[in-house]
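Novice: Residue numbers (our numbering): 1 to 93.
Quick reminder that beta carbons are idealized off the backbone N, C-alpha and C, glycines included.
Note that the coordinates shown come from a computational prediction; the quantities given were computed from them, not determined experimentally.
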Amino acid sequence: NGGPGTIKKLSILEDGKIDYVLHKLDAIDEANLGYNYSLVGGPGLHESLEKVTFETIIVAGSDGGSIVKISVKYHTKGDEVLTDAVREETKAK
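This is the structure in structure tokens:
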């Protein structure tokens, strides 16, 4: 239905190769202009990661515009250590 819990397959074209990630909508907060989602699977998600969560809110800017604030949390599998290389690879996607 497109609401929280919905999982979509997002295709990624990288170096001529097509991969995908699974994008799960975690929450929509219309009153506070928030949108939370996670990357939860697919070959485009590094094998050391269980998921990557994104918490997004929009707040009023001082000049009448808007400011988007995004918090990213990496959840590794088991005792895996998050490396800078994995973090940078995930940011690119």
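Take Leu25 and list the residues in its own chain whose beta-carbon comes closer than 6 Å to its own, dropping the five residues that flank it on each side.
Specialist: Result list for Leu25: Pro4, Thr6 and Tyr37, in chain order.
Novice: I think Ile58 touches Val68, with their Cβ atoms under 8 Å apart; what is that distance to the nearest whole Å?
Specialist: 5 Å
Novice: His46: buried (16+ other C-beta within 10 angstroms of its C-beta) or exposed?
Specialist: buried
Novice: According to DSSP, Ala85 sits in a beta bridge with which residue or residues?
Specialist: Paired residue(s): none; Ala85 is not in a bridge.
Novice: Note down the Cα distance separating Leu32 from Gly78, rounded to an integer number of angstroms.
Specialist: The residue asked about is misnamed: residue 32 is Asn in this sequence, not Leu. Computed Cα separation, rounded: 34 Å.
Novice: Which residue wins for smallest C-alpha separation from Asp84, given the options Pro43, Ser48 and His23?
Specialist: Distance from the Cα of Asp84 is smallest, within the candidate group Pro43, Ser48 and His23, for Ser48.
Novice: May I have the straight-line CA-CA distance separating Leu39 from Ser11, to the nearest angstrom?
Specialist: 12 Å
Novice: Out of curiosity, what's the CA-to-CA distance linking Leu82 and Val21?
Specialist: One Cα belongs to Leu82, the other to Val21, and the distance between them is close to 19 Å.
Novice: Nearest by alpha-carbon distance to Asp29: which of Glu50, Glu55 and Gly16 is it?
Specialist: For Asp29, the nearest C-alpha among the options comes from Glu55.
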